């Protein structure tokens with residue numbers, strides 16, 4: 110390419126106490142190019158885009174935009190220079206309308222009436238249906254993302270940064286998004302695209318830069334590179350694919366019979382008549398877009414929110430009214446999605462956290478008195494077995510990285526030899542090698558005869574480990590299907606198609 | 011003996027405004043603070059600081075209006091301490107607010123030692139000319155000092171600012187989700203500090219209204235819990251300015267009513283009468299707020315700009 114790059118980064122370095130987030134990073138993006146930024150958690154992708162967006166100042170190195178020096182002191186300056194960013198965790202305000210949200214992200218926002226007209230115009234041009242007066246808190250994840258994208262588009266960006274945009278979308282919504290992005294790219298807007306999902310990058314991106322531990326370790330043309338090769342460049346070593354050995358399924362251990370539960374709060378989802386049987390040694394994968402009843406289903410199964418009699422049977426006994434401790438004693442264990450504050454108490458040590466869920470099954474308490482040395486041994490065995498990187502069981506849960514804490518949280522339950530194990534988002538925010546280890550642990554657990562329910566939004570993960578697959582949509586569970594041979598389109602339909610699209614037209 | 015005819019209905023209703031004004035100021039200030047996501051429990055302390063600063067200044071200069079200006083400064087100065095603790099030192103807002111109230115009560119007592127038993131200069135009512143002679147409306151609505159009208163104007167201004175201006179939108183955004191507001195490049199701490207100072211100034215004026223006009227004299231701890239009522243009012247008014255106004259008038263009216271009932275000797279123990287405004291106001295506002303009790307998303311959470 111002979112044209113001047115739109116954006117060129119040279120030798121960017123940014124250090125935080127104890128860690129170099131970016132070390133001498135250079136890359137170039139041409140106008141209209143879709144450029145992927147790849148790397149594991151902690152590789153420095155977020156820091157890099159925050160520097161481009163003016164949220165973080167580099168310690169050294171330079172940026173050039175269209176050949177001119179570019180050093181945004183704050184997001185405002187970056188936006189003025191034509192950089193737009195769609196955040197991984199949406200930077201939206203739930204209690205406000207779509208138009209108000211968009212106005213907040215603009216430098217010279219017009220009056221709300223005029224802005225609403227602009228929003229409607231842009232949303233039609235790019236095929237992103239969205240009504241300006243709706244309250245953002247009522248929107249689906251896909252619609253919320255459209256709010257962010259339209260906010261960026263209204264400022265006519267030359268470069269659009271997207272941080273993990275598809276992690277909350279159904280396959281159909283991903284297609285709609287990609288159509289929009291391709292259109293933008295054809296119009297000359299460059300896109301810097303961050304994602305873990307390598308197949309998406311292969312279908313969308315023109316080029317890719319791979320970061321590892323803050324350094325650029327390679328570049329490739331995603332179309333000509335296999336996903337596996339890219340993954341290994343990211344990790345820096347060969348990846349272990351989880352292996353599964355076929356084994357016979359046992360008796361039915363858990364039955365859900367028309368399980369209903371009201372929504373826990375205004376933003377929750379009611380469970381509407383869920384029926385499914387689970388056999389020993391089987392993994393039931395439950396897909397679906399977040400907010401369709403995943404948390405509520407886990408709470409109903411773990412006993413956090415007991416359900417009415419006759420809805421939940423364990424080996425034929427009605428356990429609907431039992432709380433978590435009694436269910437744990439029976440061997441029904443659960444690991445919720447949110448690690449900090451739900452699965453683990455952030456300010457307590459790993460030993461204390463091990464005590465909290467392990468007491469009933471591991472005999473860590475005797476007549477109300479706690480056996481701390483046994484709890485420490487148990488925590489240590491979790492750390493050893495699951496390769497949790499930490500100074501020791503006395504470390505606070507908060508001090509562990511997301512992936513390490515996740516390994517601890519899952520390992521803590523796995524080592525309690527569950528009869529039924531329910532887990533929500535087992536590898537959310539966990540890097541590829543830790544995710545592979547966790548999936549292998551779940552497969553091994555099934556082989557020993559445990560029945561598992563794995564709730565996840567990562568379809569590749571569910572395909573890799575599930576025996577049967579079903580989807581949650583609006584609090585209802587689809588009919589389970591054999592996971593073998595199921596296609597992405599079929600899964601998308603089970604998940605409710607392009608979720609939220611119909612609503613947006615109203 | 012009870013003689014309800016001893017109550018002059020016009021003076022009685024006009025008294026609503028006087029009784030409600032300290033509450034209006036304190037609550038509308040706290041409403042703005044809470045809409046930016048900060049919970050300042052120091053309202054009572056800032057009010058009493060305003061009460062003594064206003065009283066002392068009015069006595070020394072002979073000008074009640076200068077007294078109100080000093081009250082606003084005094085309240086804002088004390089609120090800066092809270093802003094320093096919570097926005098710079100990232101201290102817990104609840105504990106800092108309680109400390110502020112205790113500090114304000116003690117410090118004001120120290121400052122006020124030489125002012126006990128003095129009469130402050132009076133602030134005259136606004137002269138509406140012939141309008142004030144309109145029957146009923148004149149004595150009720152057009153017979154007050156400027157601060158009463160300023161309070162109402164302030165509520166309208168806060169409502170309009172929050173609803174129609176960009177500054178109001180940004181302010182609400184900071185209170186709704188401070189991380190998102192920060193990501194968009196808004197100065198969360200600066201906006202919050204300014205709001206806290208505004209709240210302090212309003213509370214100060216409210217306090218001075220008690221010491222300069224409503225009572226009018228200086229005694230220790232004379233705000234007597236109005237700051238706490240203001241805090242409750244903001245919550246039960248669902249963080250909406252006009253509901254604050256409504257609640258303040260309800261409370262003011264009930265205070266006025268119970269004082270009058272005490273005056274005419276109703277056969278109910280004084281303690282019941284004295285607590286009735288608090289109970290009834292809260293009950294009414296709880297009922298009102300059942301449908302729309304939506305607190306600002308970041309209320310009371312400490313903001314720390316990571317990376």
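Protein chains in written order, with the working numbering: chain X, 110 to 615; chain P, 11 to 317. Virtual Cβ for every residue (Gly too), placed ideally from N, Cα, C. The structure displayed is predicted, hence computed values, not measured ones.
Since residue 185 of chain X meets chain P, which of its residues come closer than 7 Å, beta carbon to beta carbon?
Mapped onto the first chain, residue 185 of chain X falls at position 76. Per Cβ cutoff of 7 Å: 195.
From which residue to which residue does the beta strand (DSSP E) around residue 136 of chain X run?
What you label residue 136 of chain X is simply residue 27 of the first chain in a count that begins at 1. Residues 128-138.
Does the CB of residue 273 of chain X have a neighbour CB from chain P at under 8 Å?
As a working note, residue 273 of chain X is residue 164 in the first chain. Judged by the 8 Å Cβ criterion, residue 273 of chain X is not in contact with chain P.
Endpoints, the alpha helix (DSSP H) within which residue 435 of chain X is located
As a working note, residue 435 of chain X is residue 326 in the first chain. Segment 433-439, the alpha helix (DSSP H) holding residue 435 of chain X.
Exposed or buried, residue 154 of chain P, counting other C-beta atoms within 10 Å across all chains shown (16 or more means buried)?
For the purposes of this step, residue 154 of chain P is taken as the residue at position 144 of the second chain. The residue in question, residue 154 of chain P, is buried, as its Cβ has 16 or more Cβ neighbours within 10 Å.
If contacts are defined as beta-carbon pairs under 8 Å, then residue 243 of chain P and residue 295 of chain P qualify, I think. What distance do you get, rounded to the angstrom?
Walking along the second chain from the start, residue 243 of chain P turns up at place 233. Walking along the second chain from the start, residue 295 of chain P turns up at place 285. 7 Å between Cβ atoms; contact.
Could you check if residue 609 of chain X is buried or exposed, using at least 16 other CB atoms within 10 Å of its CB as the buried criterion?
To locate residue 609 of chain X, count along the first chain from 1; it is residue 500. In this prediction, residue 609 of chain X scores a pLDDT of 39, lower than 50, which makes its location untrustworthy; the coordinate-derived value is nonetheless stated afterwards. Flag for residue 609 of chain X reads buried.
Kindly confirm or deny that the region 313-322 of chain X and the region 334-346 of chain X touch, where touching means at least three C-beta pairs closer than 8 Å.
yes
Using a Cβ-Cβ distance under 8 Å, would residue 213 of chain X count as near chain P?
Reading the first chain from its first residue, position 104 is the one you call residue 213 of chain X. Yes, its Cβ sits closer than 8 Å to a Cβ of chain P.
Is DSSP giving residue 610 of chain X helix, strand or coil here?
What you label residue 610 of chain X is simply residue 501 of the first chain in a count that begins at 1. Because residue 610 of chain X sits at a pLDDT of 38, beneath the cut-off of 50, its placement in the model cannot be relied upon, and the point is left open.
Out of curiosity, what's the CA-to-CA distance linking residue 131 of chain P and residue 222 of chain P?
Taking the first residue of the second chain as position 1, residue 131 of chain P is located at position 121. Taking the first residue of the second chain as position 1, residue 222 of chain P is located at position 212. Each residue's Cα considered, the two are about 8 Å apart.
Below 8 Å on the Cβ atoms is my guess for residue 218 of chain X versus residue 176 of chain P; work out the distance and round it to an integer in Å.
For the purposes of this step, residue 218 of chain X is taken as the residue at position 109 of the first chain. For the purposes of this step, residue 176 of chain P is taken as the residue at position 166 of the second chain. Right, their Cβ atoms sit about 7 Å apart.
Straight-line Cα distance separating residue 225 of chain X from residue 466 of chain X
Taking the first residue of the first chain as position 1, residue 466 of chain X is located at position 357. Taking the first residue of the first chain as position 1, residue 225 of chain X is located at position 116. Those two C-alpha atoms are separated by around 51 Å.
In whole angstroms, what separates the C-alpha of residue 385 of chain X from that of residue 589 of chain X?
One-based indexing of the first chain puts residue 385 of chain X at position 276. One-based indexing of the first chain puts residue 589 of chain X at position 480. Using only the alpha carbons, I get a separation of about 8 Å.
Coil, strand or helix - residue 237 of chain X by DSSP:
Walking along the first chain from the start, residue 237 of chain X turns up at place 128. Here residue 237 of chain X sits in coil by DSSP.
If you run the structure through DSSP and keep just helix, strand and coil, what is residue 604 of chain X?
On the first chain, position 495 is the one that residue 604 of chain X refers to. DSSP places residue 604 of chain X in coil when its eight states are reduced to three.
Under the three-state DSSP convention, the category residue 29 of chain P falls into
Here residue 29 of chain P corresponds to residue number 19 of the second chain, with the count starting at 1. Three-state result, residue 29 of chain P: helix.
8 Å contact criterion, which residue 555 of chain X and residue 391 of chain X should meet: CB distance rounded
For the purposes of this step, residue 555 of chain X is taken as the residue at position 446 of the first chain. For the purposes of this step, residue 391 of chain X is taken as the residue at position 282 of the first chain. About 7 Å; that satisfies the 8 Å criterion.
Along chain X, which residues have their Cβ under 8 Å away from the Cβ of residue 186 of chain P?
Here residue 186 of chain P is taken as the residue at index 176 of the second chain, counted from 1. The answer, in chain order, is 202, 203, 204, 205.
Can you list, in chain order, the residues of its chain whose CB lies under 8 Å from that of residue 522 of chain X, leaving out five sequence neighbours each side?
Taking the first residue of the first chain as position 1, residue 522 of chain X is located at position 413. Cβ neighbours of residue 522 of chain X beyond the five flanking positions: 442, 443, 444, 466, 530, 532.
Alpha carbons only, please: which of X:302, X:256, X:525, X:265 is nearest the one belonging to residue 274 of chain X?
Here residue 274 of chain X corresponds to residue number 165 of the first chain, with the count starting at 1. Answer by Cα proximity: X:302.
Bridge partners of residue 361 of chain X, per DSSP?
As a first step, residue 361 of chain X must be located in the first chain, where it is residue number 252. In DSSP, residue 361 of chain X forms a bridge with X:388.
Counting along the chain, where does the alpha helix (DSSP H) carrying residue 156 of chain X start and finish?
On the first chain, position 47 is the one that residue 156 of chain X refers to. Where residue 156 of chain X is concerned, the enclosing alpha helix (DSSP H) stretches over 154-161.
Within chain X, the residues that residue 180 of chain P reaches when beta carbons sit closer than 8 Å:
Within the second chain, numbered from 1, the residue matching residue 180 of chain P stands at position 170. What residue 180 of chain P touches in chain X: 213.
Are residue 353 of chain X and residue 552 of chain X close, meaning C-beta to C-beta below 8 Å?
Residue 353 of chain X sits at position 244 when you count from the first residue of the first chain. Residue 552 of chain X sits at position 443 when you count from the first residue of the first chain. A contact, by the Cβ cut-off of 8 Å.
Can you name the start and end residues of the beta strand (DSSP E) that residue 301 of chain X belongs to?
Working through the first chain from its first residue, we reach residue 301 of chain X at position 192. Start and end: 299-303.
Say whether chain P places a C-beta atom closer than 8 Å to the C-beta of residue 409 of chain X.
Position 300 of the first chain, counted from the start, is the residue given in the question as residue 409 of chain X. So, not an interface residue.
Is the beta carbon of residue 136 of chain X less than 8 Å from the beta carbon of residue 147 of chain X?
As a first step, residue 136 of chain X is located in the first chain; it is residue number 27 there, counting from the start. As a first step, residue 147 of chain X is located in the first chain; it is residue number 38 there, counting from the start. No, these two residues do not count as a Cβ contact at 8 Å.
Close Cβ partners of residue 502 of chain X (< 6 Å) along its chain, the five nearest in sequence each way excluded
Here residue 502 of chain X refers to the residue found at position 393 of the first chain. Closer than 6 Å at Cβ, skipping near neighbours: 459, 460, 485, 488, 489.
Cβ of residue 317 of chain P less than 8 Å from any chain X Cβ?
Counting from 1 along the second chain, the entry for residue 317 of chain P is found at position 307. For residue 317 of chain P, the pLDDT reaches just 40, beneath the cut-off of 50, and the residue's location in the model is therefore unreliable, leaving the point undetermined.
In this structure, does DSSP put residue 178 of chain X in helix, strand or coil?
The residue given as residue 178 of chain X occupies position 69 in the first chain. Correct three-state label for residue 178 of chain X: strand.
Distance check for residue 214 of chain P and residue 68 of chain P, CA to CA, integer angstroms please.
Locating residue 68 of chain P in the second chain gives position 58, counting from the first residue. Locating residue 214 of chain P in the second chain gives position 204, counting from the first residue. The straight-line gap from Cα to Cα measures roughly 14 Å.
Option nearest residue 481 of chain X by Cα separation, candidates X:498, X:492, X:468
If you number the first chain from 1, residue 481 of chain X lands on position 372. Ranking the options by Cα distance to residue 481 of chain X, first place goes to X:468.
Residues bridged to residue 616 of chain X [DSSP beta-bridge criterion]
Outside the displayed range of chain X (110 to 615) lies residue 616 of chain X, so it cannot be described from this structure.
Once you ignore the five residues that flank residue 235 of chain X on each side, which residues in its own chain have a CB closer than 7 Å to its CB?
Numbered from 1 along the first chain, position 126 holds the residue referred to as residue 235 of chain X. Answer for residue 235 of chain X: 262, 289, 292, listed in chain order.
Let's see if you can read the secondary structure: which residues bound the alpha helix (DSSP H) around residue 252 of chain P?
Counted from its first residue, the second chain places residue 252 of chain P at position 242. It spans 251-274 - the alpha helix (DSSP H) in which residue 252 of chain P sits, taken as one unbroken run.
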